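Chemist: Taken in sequence, the protein lines are chains A and B.
In this text, residue positions in the first sequence follow this note's numbering: the first is 1, and each later residue adds one.
In this text, residue positions in the second sequence follow this note's numbering: the first is 463, and each later residue adds one.
Sharing a structure, written as structure tokens. Questions coming.
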Amino acid sequence: MDTLALDLARFQFAFTVAFHIIFPSFTIGLASYLAVLEGLWLKTNNEKYIQLYKYWLKIFAVSFGMGVVSGIVLSYQFGTNWSVFSDKTGPILGPLMGYEILTAFFLEAGFLGVMLFGMQRVGKKLHFASTCVVAFGTFLSAFWILSVNSWMQTPAGYAINEVGQFIPDDWFAIIFNPSFPYRLVHMLLASYLTTALVVSAVGAYHLIKAPHNPLAKTMFSMALWMITIVTPIQIIAGDLHGLNTLQYQPAKVAAMEGHYQSHDGAPLILFGIPDDQAKEMRYQVAIPKLGSLILTHDLNGRVEGLDAFPESDHPPVSIVFWSFRVMVGIGFAMLMIGLFSLWLRKKGRLYDMPLFHRVCIVFGPAGFVAVLSGWITTEVGRQPFTVYGLLRTVDSASPIDALAISFSLAAFVVVYLCVFGAGFFYLIRLMRKSPTRYEKSLDPRLADGAQVPPASHPNRLT
Amino acid sequence: MDYALIWYGLIGLAVLIYVVLDGFDLGIGILFPKATEESERDLMMNSIAPVWDGNETWLVLGGGGLFAVFPLAYSIVMPALYAPLMIMLLGLVLRGVSFEYRFRTKRGKFIWDTSFFVGSLAAAAMQGIMLGAMLQGIEIEGRSYAGGWFDWLTPFTLFCGFATICAYALLGACWLVIKLPNELAERYYGVAKRWGLALVFCIVIVSAWLPLSQQIVSQRWFNLPNSILYFTVPVMAVICIWQLFKSLNNHRAVRAYLFAIGLFLVSAIGFSVSTFPYIVPFAVTYSDAAAPDSSLKFLLAGTAFLLPMVIAYSAYAYWVFRGKLKHEEGYH
């Protein structure tokens, strides 16, 4: 296989995965938010919760559809782009993905229809149960796919047979491989934060438009509680995940930190320009000894640099170095937003501080940027391997020639940009509509006569 | 116990369920231009809106299942069918997003109507082409695909693509007869008959073409005493076809739909008779492609109780949205 075909295959895969990852990271959080809203409605009988539910349900429907179709593509791309990888890892990763389909995908799909269109047909309690089942399905899906991804990063519980396939030895060790718990928690919290940032941005936008809109207030406040509470937990979870990576994939951490050389008492490099040729960090701004303190919890601890590993095993440093900084930077910005919102609450000014609302709008998409950066950090950082330390990316690819991949890559780029571009446009349009007490659900679309929505209503705020 | 054989059956079952369920679903997309007015298209789309996602999950199970239990087959078939597979996936993307998009716009509605039609048509045609490419055999060397990049494109596979379009359109028409309000449904009895006739024509041609072009297939079918058993397949097909048209003539919608499904089942049996025990025809058998027993057993243990559950709650979802749709003003 030539390098061009390999690079194209990698780019195509990265492109389709990157597009896909956006939707689940939003819908995992949004499904849970919807379950909370409906639960609060049933518990308190306060109509505002069901109005918010109906408002966000439409947004959920569009983004879930986009997630489903971009996900179907992935279940086949393992084979089209990485056939050797599929042959070798199928006996281990296949069953895990089989369980994802059987426990999660069917569950979500089966109850999604009821959740979207069934309110009038099944009654409140059963409908709430459907929402919870869909939310639980999104969690299970994350569970299995992150187990698969983690096994590739930190393989365990396997043996290798005579034709070179990885075969299962201990399923428990495979599923709960060393990096899995950390990755799962880190990703789930990231999804909740991504959703909270979007909800807070939408709330902030409508507060600027109509400062007394009670629905905007409620969603804004709920989202900021989420950001305030979850961000510190996420920072701790991220730190633990980093320490776990240091133990199992030290070369990845060296690239994240920008350490070409090994040090006792390593500095924490804040910024710099990585130079892979000269094997040094140019123009670096660093805090002495802090690197060792964070990674080894000791000021003079030994931190291995890339020089401790054979050059053929080095990941590309700049991508990993920068994407890691983008993710961490957004994380700390979220922490600031959370703390500032606490102060505003104390002063009773959460709903009338337009400048803060504008900041929240700007940070609306920041969760997606952070998720993608984190994903790039971990996936580029494990290069040049697909199964860490055992199977190289170059040995994983399909025997497809560059021309065929170029065509399909071009087709994917064109179709995805049009289709998902339109989708983003519709999502933004839905989010720009003010949430009102006349919020309609999706049920009437089935037009079965169960309930006819009001033909028209004054389009005003509550 | 032959776990690989059980899985051969289960994957076959998943693909069959997919074809039957997404078949009517894609069929509605193929018949979309038939609708005379926008409200009719709304109804057609909404008759499947709550269930289409579940239907397509069976395709994911087919692909994911193949990866899990027959990784070698997965790694050979996916590159072999690269182009039609990619087109099918893009088609599914185009039609899948239309379900929500077309209700989010007035000006752009025609765009999503078109993409629903084109996506459905392309996905159906590609599925047929892939089926045809499997039937004509896949060339391998060692553990990977060794054929050319256009092996999948032959008169035979194109014809199979056309046959699949007919088959899905038939299922779609039967579904519409069941779900649409009576005044709109009437017309689709005729539509179903026309596509049904085209399908019968295709089945006859493929049944003759395949054994004539593939010696291995003709030896299988024309080999006493097994032939006696095998020839119940065409007999069953004739019964299904006869009953299908009788039901359509008598305006018995559900019955017609069931016999259309029966025809699919018979065709699937015909496919298995022609290709068994190969999973990559005529190169790799199911037992050669199978993952080790420990993988097969691990997934089977869960599947044994998850699959019945999946079928049960999927059936429940259909039950919740049972009955005919009514023409109502009101939703924009």
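No residue lacks a Cβ here, since even glycine has one placed at the ideal position from N, Cα and C.
Please read these numbers as outputs of a predicted model, since none were measured by experiment.
1. Counting only C-beta atoms, is Tyr426(A) closer than 8 Å to chain B at any point?
2. Give every residue of the same chain whose Cβ lies closer than 8 Å to the Cβ of Ile227(A), excluding the five residues on either side of it in the sequence, and list them in chain order.
3. When burial is assigned at 16 or more other CB atoms within 10 Å of the CB, is Gly471(B) buried or exposed?
4. Got a sec: is the Cβ-Cβ distance from Trp151(A) to anything in chain B below 8 Å?
5. Would you kindly report the start and end of the unbroken alpha helix (DSSP H) that includes Glu562(B)?
6. Bridge partners for Glu603(B) per DSSP, in chain order?
7. Kindly say whether Arg569(B), judged by its beta-carbon, lies nearer than 8 Å to any beta-carbon of chain A.
8. Which residues, in order along the region 600-621 of chain B, keep a beta-carbon less than 9 Å from a beta-carbon of chain A?
9. Taking 8 Å as the cut-off, does the region 576-596 of chain B touch the region 714-725 of chain B (at least 3 CB pairs, one atom from each stretch)?
10. Does the region 38-45 of chain A come close enough to the region 496-507 of chain B to have 3 or more Cβ pairs within less than 8 Å?
11. Excluding sequence positions up to five away, which residues of its chain have a Cβ less than 7 Å from the Cβ of Lys496(B)?
12. Hey, Gly65(A) and Gly558(B): beta-carbon distance below 8 Å or not?
13. Contact criterion: CB-CB distance below 8 Å. Does Val662(B) meet it with respect to chain A?
14. On the DSSP bridge list, what partners appear for Met281(A)?
15. Name the chain B residues that come within less than 7 Å of Trp171(A), Cβ to Cβ?
16. Measure the C-alpha to C-alpha separation of Met507(B) and Ala545(B) and round it to an integer number of angstroms.
17. So Pro617(B) is in the alpha helix (DSSP H); what residue range does that whole segment cover?
18. Roughly how many angstroms separate the alpha carbons of Ser150(A) and Pro178(A), rounded to a whole number?
19. Between Pro739(B) and chain A, is any beta-carbon pair separated by less than 8 Å?
20. Identify every residue that forms a DSSP beta bridge with Val653(B).
21. What is the rounded straight-line gap between the Cα of Leu828(B) and the Cα of Asn644(B)?
22. Can you give me the Cβ contacts of Ile21(A) inside the same chain, cut-off strictly under 8 Å, excluding the 5 residues immediately before and after it?
23. What is the rounded straight-line gap between the Cα of Asn712(B) and the Cα of Ala5(A)?
24. Check distances from the C-beta atoms of the region 550-562 of chain B to those of chain A and list, in chain order, the residues that come in under 7 Å.
25. So, is Tyr778(B) buried or exposed, given that buried needs 16 or more other C-beta atoms within 10 angstroms?
26. Measuring straight from C-alpha to C-alpha, what distance separates Leu523(B) and Ala476(B)?
27. Name the residues in the region 121-132 of chain A whose C-beta lies less than 7 Å from a C-beta of chain B; which are they?
28. Is the CB-CB distance between Ala584(B) and Ile640(B) below 8 Å?
29. Please identify, using Cβ separations under 7 Å, the residues of the region 518-534 of chain B that lie next to chain A, in order along the chain.
30. Give a yes or no on whether 8 Å exceeds the smallest Cβ distance from Leu342(A) to chain B.
31. Which residues in the same chain as Gln261(A) place their Cβ atom closer than 7 Å to its Cβ, once the five residues preceding and following it in sequence are excluded?
32. Is there a C-beta anywhere in chain B that falls below 8 Å from the one on Tyr192(A)?
33. Among residues of its own chain, excluding the 5 on either side of His127(A), which ones have a beta-carbon nearer than 8 Å to its beta-carbon?
34. Going by DSSP, which residues form a beta bridge with Ile287(A)?
35. Using a Cβ distance threshold of 8 Å, determine whether the region 104-111 of chain A contacts the region 132-142 of chain A, with at least three qualifying pairs required.
36. Cutting at 7 Å between CB atoms, please list the residues of its own chain near Ile208(A), excluding the five before and the five after it.
Modeler: With the given structure in hand:
1. yes
2. Leu193, Ala196, Leu197, Ser200, Met334, Ile337, Gly338, Ser341
3. By the 10 Å Cβ count, Gly471(B) comes out exposed.
4. Contact of Trp151(A) with chain B is not assigned, every C-beta pair being separated by 8 Å or more.
5. 544-563
6. Ser606(B)
7. no
8. Arg605, Ser606, Tyr607, Ala608, Trp611
9. no
10. no
11. Val653
12. Contact flag set, yes.
13. no
14. Pro274(A)
15. Phe760
16. 28 Å
17. 617-641
18. Cα to Cα, the separation comes out at about 8 Å.
19. So no, Pro739(B) is outside the interface.
20. DSSP lists no partner for Val653(B).
21. The requested residue 828(B) is not part of the displayed model; chain B covers only 463 to 794.
22. Val371, Leu372, Trp375
23. 58 Å
24. Leu551, Leu552, Leu554, Val555, Leu556, Gly558, Val559, Phe561, Glu562
25. So Tyr778(B) ends up on the exposed side.
26. Their backbone Cα atoms lie some 7 Å apart in a straight line.
27. Of all residues in the region 121-132 of chain A, Arg121, Val122 have a Cβ within less than 7 Å of some Cβ in chain B.
28. Between Ala584(B) and Ile640(B), the gap from beta carbon to beta carbon reaches 8 Å or more.
29. Glu518, Thr519, Leu521, Val522, Leu523, Gly525, Gly526, Gly527, Phe529, Ala530, Val531, Pro533, Leu534
30. no
31. Leaving aside the five residues that flank Gln261(A) on each side, the residues in its chain whose CB is nearer than 7 Å to its CB run, in chain order, Gly305, Asp307.
32. no
33. Glu38, Val114, Met115, Gly118, Met119
34. Leu268(A)
35. Cβ pair count under 8 Å is three or more, so yes.
36. Pro354, His357
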